[in-house]
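A.B. asks: One structure, as structure tokens, below. Some questions next.
Protein chains in written order, with our numbering: chain A, 293 to 748; chain B, 293 to 748; chain C, 293 to 748.
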């Protein structure tokens with residue numbers, strides 16, 4: 293019987309080892325798919341940003357968008373990931389953060405570490421998404437090199453410092469104020485929106501946006517269908533993004549990034565309800581499919597801070613409120629001379645702020661773990677102010693310096709001619725696409741009888 | 293030794309708990325990705341439906357499509373999910389179905405329930421997909437509010453009642469007749485197609501579709517590339533949809549929705565073979581890439597009822613037969629004055645019926661579990677008739693009432709002018725898209741020398 | 293106590309069985325999502341190839357692309373999968389390979405086999421991707437039937453034979469030469485590129501590509517936005533493709549296809565770093581977003597052979613080098629009269645060769661398992677030559693026979709008129725993107741002088 297016990301003991305040990313490894317592998321797979329789906333966000337952003345440009349700037353917009361991604365990922369490898377690990381307590385370097393330095397053994401293939409690479413990848417995609425948020429707002433007049441510097445600062449330094457503070461189990465906003473922002477409404481969207489606002493103040497509006505008398509012209513997206521399909525692809529990718537906001541604990545319940553227990557089921561309920569609330573809010577307010585989809589995104593962002601706690605109809609209501617308000621914010625900014633080509637400040641900046649605030653308004657008292665303070669309106673307001681300032685100040689300061697140096701914006705005549713003519717060696721649509729004269733009704737001959745109509 | 297045994301017992305208990313939780317988490321992840329991929333279906337439907345519209349109706353089509361999604365999800369929360377749980381045996385409310393009522397503790401974040409939210413989410417996406425099937429057929433003339441009512445009825449009541457009857461372990465069609473429809477050919481596609489047919493009979497054809505002498509005009513998709521790329525995205529999403537048709541049983545073999553053992557491998561074989569058979573069938577019949585992709589979808593639907601049982605070359609043949617026949621069905625309907633703008637009745641209605649029937653023709657006698665009857669042609673025909681009627685009757689009845697009330701269709705002059713001009717405050721393609729002057733030949737300087745040419 | 297031991301033994305046995313089954317199911321799920329994401333590659337290829345065509349050939353390109361997929365999948369069922377299993381040692385049939393014959397019990401739903409179907413599916417998608425690589429290069433003049441034969445040969449015979457040799461645990465290139473090509477740079481991309489080059493030599497350039505004096509005209513992609521969004525969707529899908537390049541071992545560490553231990557984390561690091569290096573390389577060299585995205589793909593391919601071993605900044609550098617060189621290769625070929633419409637030979641052929649070579653240059657000595665030789669420059673060069681020849685020879689030979697038989701290319705007047713007018717019964721853009729009347733030559737007035745031509 294001793295022998296039997298021994299054998300059983302060996303079997304149990306083997307089971308424990310196997311279960312541990314299975315959990316590790318399944319964790320790695322989960323974040324692999326999160327990462328893959330976040331690439332879909334970039335397919336979406338690419339479509340959306342090109343669609344939102346006028347035809348003369350389409351490929352310059354696409355180029356800028358791609359380069360933001362291309363520069364953020366390696367810089368996030370070289371210093372972004374380390375910032376997250378180093379600065380949860382403010383500006384003092386955390387012990388142990390050297391494992392995130394680019395020459396660390398963890399930062400490469402390592403048969404004893406099935407985690408760092410995939411966590412880095414998911415975070416690198418968060419970083420690229422954050423940079424892409426700024427990308428759309430500044431199209432059609434920002435200088436490419438200036439934008440790339442701003443994108444690197446935003447994607448590989450600013451937001452990730454904010455994440456260290458407010459989206460990290462040891463982040464001081466959480467440890468001291470119980471800040472709760474599970475789906476990164478503040479740590480990604482608010483920071484990115486505030487940074488973008490800072491840039492826009494220095495960058496100024498596009499040529500032709502405002503008339504001498506202060507009246508406003510619409511500079512229209514050249515392909516609304518491309519923008520809305522792009523936005524829906526972004527939503528697909530948000531399931532990767534939000535999956536990346538929950539921690540897989542082998543053989544135990546999920547936790548959110550702060551260590552509080554959570555379920556993916558709660559995320560599923562509230563993502564869908566916030567999204568659809570946002571679409572309906574956008575429709576009620578605008579009837580414009582571009583804004584309906586943008587407000588769908590606002591709905592997800594609005595519900596993001598409390599994705600783990602909302603009663604789903606409340607997520608719907610919060611999302612719908614966000615969806616109604618975001619176009620009003622966009623209009624408010626437009627009237628004050630801030631020309632945000634895609635409404636990024638309203639969608640991400642306002643949406644993120646509203647999400648953070650909603651958590652304080654509707655979930656105050658939600659308990660915390662490890663003796664950290666419970667959720668409170670105060671804590672959420674502190675987070676909102678800190679993260680907003682953390683985004684706004686560098687965005688404003690760096691772009692102000694660039695403006696003073698005369699490197700922020702393309703020359704006026706290039707802007708008028710269109711950036712593609714100067715920056716891109718190929719044409720977006722070399723064969724054209726012609727709008728038919730409305731007089732050619734559908735019944736009396738179609739193509740053959742129709743005359744092309746000049747666009748303006 | 294007693295002590296050792298005790299310790300071992302504790303380890304085993306910990307392993308059991310850990311394995312149970314791991315299985316739960318991995319189950320939750322599986323359906324999370326199913327849900328995410330089903331959002332891709334909606335990116336696809338959006339592209340497809342806008343592409344299939346004429347340019348004057350593009351954004352109205354997109355708006356309608358988005359709102360169908362946006363209204364089905366919350367209504368599915370409020371009553372759709374309960375219908376599924378309440379009515380498997382017909383019209384009597386099942387015991388225990390109150391857990392699916394919107395105020396139940398299961399219908400929200402719940403740390404002891406990692407299942408309800410994610411199941412609800414997957415079903416909500418099925419519901420949205422079902423509603424979207426009807427959406428494409430009725431473009432360019434249905435009134436938005438009328439459509440939204442129909443979409444809610446279809447997505448959050450009718451199809452889910454059908455699913456309770458024929459796509460549920462206790463559904464009476466299965467319990468009494470051995471109805472077998474693993475991939476929801478009948479429960480989603482046939483119901484949606486039949487409902488759509490009911491609407492179309494009352495809605496009537498688009499202005500200009502038929503001439504006074506009864507001859508037919510093609511009202512052409514304004515962008516076939518957008519439609520076919522959209523359809524391929526729908527196929528991507530079908531891997532989420534079909535994944536949602538198999539039950540993850542922690543530590544045990546998969547089962548289909550009826551409790552019969554199944555494998556995801558079988559699904560993989562037959563989805564790909566049905567899909568490619570359908571494409572080839574569509575090509576043989578039409579040479580039209582729009583129909584090739586539509587028939588690829590028909591191929592998947594045709595093979596769907598028996599996704600767990602087909603020998604893959606048979607799935608290919610069934611799919612190809614479906615792909616050859618669907619365009620014939622579309623033409624048959626068109627000749628009878630039924631103007632289905634995207635062929636939804638043929639693709640989903642006929643395709644679903646053929647899928648259900650094929651199961652009876654080629655897999656009669658496939659055994660069932662729990663003493664339920666085996667698959668039979670009779671059982672499949674019963675299912676086909678019941679689900680077809682369940683779809684058709686409310687679609688026809690409600691749209692007939694709407695027609696009588698004069699609220700089903702937009703005014704004739706709005707239709708002629710184009711819905712975008714009336715319903716949508718922005719233009720789809722405001723620039724038309726202007727071609728560069730060809731005088732700048734490809735060889736002598738390119739863009740810099742080119743001047744935009746007003747198309748005139 | 294004996295009783296307790298017995299009970300404990302039963303629990304342990306149940307745990308072992310449950311863990312084994314859980315691992316199997318989770319493996320099956322992993323490759324299911326790989327397969328689904330690889331469909332995204334085909335949504336991307338479809339967009340990309342249609343976008344790269346001139347407007348007069350858009351739908352013919354789409355049709356060809358879809359049919360390549362549709363014919364490769366079933367032929368891969370009937371013989372492709374067997375080739376992989378039969379020929380790892382060269383041209384002698386391996387023992388046991390009959391399980392991969394289409395009438396084997398493994399090749400269909402099988403409740404005792406949760407693996408064959410899903411492995412087959414992933415490989416079938418690799419096959420379809422391989423065939424699609426050739427598809428883009430030959431647009432606008434190849435005869436559809438000729439292409440389909442070539443696609444089947446490439447997708448269901450040639451590449452999979454190469455995979456049996458160099459991408460299989462028993463492949464002779466690995467067993468004898470330590471060939472290491474984890475992400476299939478050689479086994480998919482190089483083979484496909486070399487095969488394509490073989491076709492292009494016989495197919496000849498498109499009408500109008502070269503002038504009598506040997507100077508070159510750009511035959512421009514009609515929609516660059518469609519191509520770049522398509523390319524980004526291909527990147528999304530590459531996470532499925534590369535996931536399919538790593539072996540899930542229940543309860544144990546991943547291995548690469550050769551049985552060497554590996555991690556998905558390493559794949560994540562190096563895929564993202566190679567991709568972004570490639571984009572930047574392409575930008576440095578061309579400033580053209582089409583090439584930036586193509587070079588992003590080159591970057592992934594360049595890093596693919598050693599995805600399991602690279603230090604991520606080295607993957608970035610290898611990717612960037614590939615991204616700088618690929619457009620130079622494309623230009624080199626273009627100057628020699630080889631008209632590759634999308635640069636497939638440069639992107640996949642050159643990129644794959646560079647990836648295989650880089651492994652020999654930078655990772656020589658990386659140890660192997662089971663007594664197989666370590667990685668060496670010689671071994672990689674042998675692999676490069678063998679796989680290059682394996683691709684080139686049949687591509688060249690079959691297309692030469694087709695050319696001699698006069699069936700390789702469409703008639704000249706069809707090519708000038710546009711393939712859509714002859715092969716496709718619908719128009720791509722019936723309301724816009726006006727097709728120029730052939731009489732309106734590119735030089736004499738363009739849009740203003742051109743009359744829209746009803747596509748007939």
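Idealized CB from N, CA, C, for every residue including glycine. Values in this document were obtained by computation on a predicted structure and should not be read as measured data.
1. In the DSSP assignment, what residue or residues form a beta bridge with residue 548 (chain A)?
2. In three-state terms, what does DSSP make of residue 508 (chain C)?
3. Does the beta carbon of residue 294 (chain B) come closer than 8 angstroms to any beta carbon on chain C?
4. Comparing alpha-carbon positions, which option in A:413, A:333, A:336, A:356 lies nearest residue 366 (chain A)?
5. Identify every residue that forms a DSSP beta bridge with residue 701 (chain C).
6. Buried or exposed for residue 385 (chain C), please, with buried defined as at least 16 other CB atoms from any protein chain shown within 10 angstroms of its CB.
7. With 8 angstroms set as the bound, which would you pick, yes or no: does the beta-carbon of residue 349 (chain C) sit closer than that to a beta-carbon of chain B?
8. Mind checking residue 492 (chain C): buried by the 16 CB within 10 Å criterion, or exposed?
9. Taking Cβ positions, are residue 329 (chain C) and residue 357 (chain C) nearer each other than 8 angstroms?
10. Compare the C-beta of residue 524 (chain B) against all C-beta atoms of chain C and say whether one is closer than 8 angstroms.
11. Can the beta-carbon of residue 422 (chain C) be found closer than 8 angstroms to that of residue 480 (chain C)?
12. Would you verify that the beta carbon of residue 324 (chain B) is, or is not, closer than 8 angstroms to some beta carbon of chain C?
13. Using beta carbons (cut-off 8 angstroms, strictly below), is residue 390 (chain C) in contact with chain E?
14. Can you check whether the C-beta of residue 543 (chain C) is within less than 8 angstroms of a C-beta belonging to chain B?
15. Could you name the residues of chain C that residue 584 (chain B) contacts, counting a contact when the two beta carbons are closer than 9 angstroms?
16. Pull out every residue of the stretch 597–631 of chain A whose Cβ sits closer than 8 angstroms to any Cβ of chain B, in chain order.
17. By the 7 angstroms beta-carbon criterion, what residues does the stretch 552–577 of chain C contribute toward chain A?
18. Give me the Cα-Cα distance between residue 392 (chain C) and residue 376 (chain C), rounded to the nearest whole angstrom.
19. Taking only the alpha-carbon atoms, compute the straight-line gap between residue 340 (chain B) and residue 691 (chain A) and give it to the nearest angstrom.
20. Quick check on residue 411 (chain A) - is its C-beta less than 8 angstroms from some C-beta in chain B?
21. Residue 496 (chain A): which of A:361, A:432, A:612, A:659 sits nearest, CA to CA?
22. Are at least three pairs of beta-carbons, each pair with one atom in the stretch 465–479 of chain A and one in the stretch 549–556 of chain A, less than 8 angstroms apart?
23. Counting beta carbon pairs with one atom in the stretch 591–603 of chain B and one in the stretch 567–577 of chain B, are three or more of them shorter than 8 angstroms?
24. Give a yes or no on whether the minimum CB-CB distance between residue 301 (chain C) and chain A is below 8 angstroms.
25. Taking the alpha-carbon positions, what's the residue 694 (chain B) to residue 601 (chain A) distance?
26. From residue 580 (chain A) to residue 440 (chain B), what distance separates their C-alpha atoms?
27. Kindly indicate the opening and closing residues of the alpha helix (DSSP H) around residue 459 (chain A).
28. From residue 309 (chain B) to residue 308 (chain C), what does the alpha carbon distance come to, in whole angstroms?
29. Would residue 368 (chain C) pass as a contact of residue 536 (chain C) if the rule is Cβ separation under 8 angstroms?
30. Counting along the chain, where does the alpha helix (DSSP H) carrying residue 317 (chain C) start and finish?
31. With a threshold of 8 angstroms between beta-carbons, can residue 540 (chain C) be considered close to chain A, or not?
32. I need the DSSP call for residue 394 (chain A), collapsed to helix, strand or coil.
33. Is DSSP giving residue 376 (chain B) helix, strand or coil here?
34. Decide if residue 501 (chain B) is buried, meaning its Cβ has at least 16 other Cβ atoms within 10 Å, or exposed.
35. Confirm, please, whether the CB-CB distance from residue 582 (chain A) to residue 718 (chain B) is below 8 angstroms.
36. Specify the secondary structure class of residue 658 (chain B) as computed by DSSP and reduced to three states.
C.D. replies: Well, looking at it:
1. Listed as beta-bridge partners of residue 548 (chain A) by DSSP are A:538.
2. In the structure shown, residue 508 (chain C) sits in a strand (DSSP, three-state: E or B).
3. Closer than 8 angstroms to some Cβ of chain C, the Cβ of residue 294 (chain B) qualifies, so yes.
4. When only C-alpha atoms are compared, the closest one is A:413.
5. Its beta-bridge partners are C:434.
6. The residue is exposed, with fewer than 16 neighbouring Cβ atoms inside 10 Å.
7. Not an interface residue.
8. By the neighbour-count rule (16 or more Cβ atoms within 10 Å), residue 492 (chain C) is buried.
9. 8 angstroms or more divides the Cβ of residue 329 (chain C) from the Cβ of residue 357 (chain C).
10. Proximity of residue 524 (chain B) to chain C, defined by a Cβ-Cβ separation below 8 angstroms, is satisfied.
11. Going by C-beta atoms, residue 422 (chain C) is nearer than 8 angstroms to residue 480 (chain C).
12. Under the Cβ distance rule, residue 324 (chain B) does not count among the residues neighbouring chain C, no pair being separated by less than 8 angstroms.
13. Note that chain E does not occur in the displayed structure, where the protein chains are A, B and C.
14. Not an interface residue.
15. What residue 584 (chain B) touches in chain C: 354, 355, 358, 359, 362.
16. Result list: 600, 601, 602, 603, 604, 605, 608.
17. Here the close residues are 553, 555, 556, 557, 558, 560, 561, 564, 565, 568, 571, 572, 575.
18. Residue 392 (chain C) and residue 376 (chain C): Cα-Cα distance of roughly 9 angstroms.
19. Cα-Cα distance, rounded: 41 angstroms.
20. No - not a single Cβ of chain B is within 8 angstroms of the one on residue 411 (chain A).
21. Measuring from the Cα of residue 496 (chain A), the nearest candidate turns out to be A:432.
22. Flag = yes, the stretch 465–479 of chain A and the stretch 549–556 of chain A touch.
23. Touching, yes, given that three or more Cβ pairs across the two stretches are closer than 8 angstroms.
24. Cβ-Cβ to chain A under 8 angstroms: yes for residue 301 (chain C).
25. For the pair residue 694 (chain B) and residue 601 (chain A), the Cα-to-Cα distance works out to about 41 angstroms.
26. Approximately 17 angstroms between the Cα atoms of the pair.
27. Counted as a single uninterrupted DSSP element, the stretch harbouring residue 459 (chain A) is not any alpha helix (DSSP H), since DSSP gives it neither H nor E.
28. Cα to Cα, the separation comes out at about 14 angstroms.
29. It is not a contact, given that the beta carbons lie outside the stated cut-off.
30. Where residue 317 (chain C) is concerned, the enclosing alpha helix (DSSP H) stretches over 294–344.
31. Cβ-Cβ to chain A under 8 angstroms: yes for residue 540 (chain C).
32. Coil, per DSSP.
33. If DSSP states are grouped into helix, strand and coil, residue 376 (chain B) belongs with the helices.
34. By the neighbour-count rule (16 or more Cβ atoms within 10 Å), residue 501 (chain B) is buried.
35. Yes.
36. Reduced to three states, the DSSP call for residue 658 (chain B) is coil.
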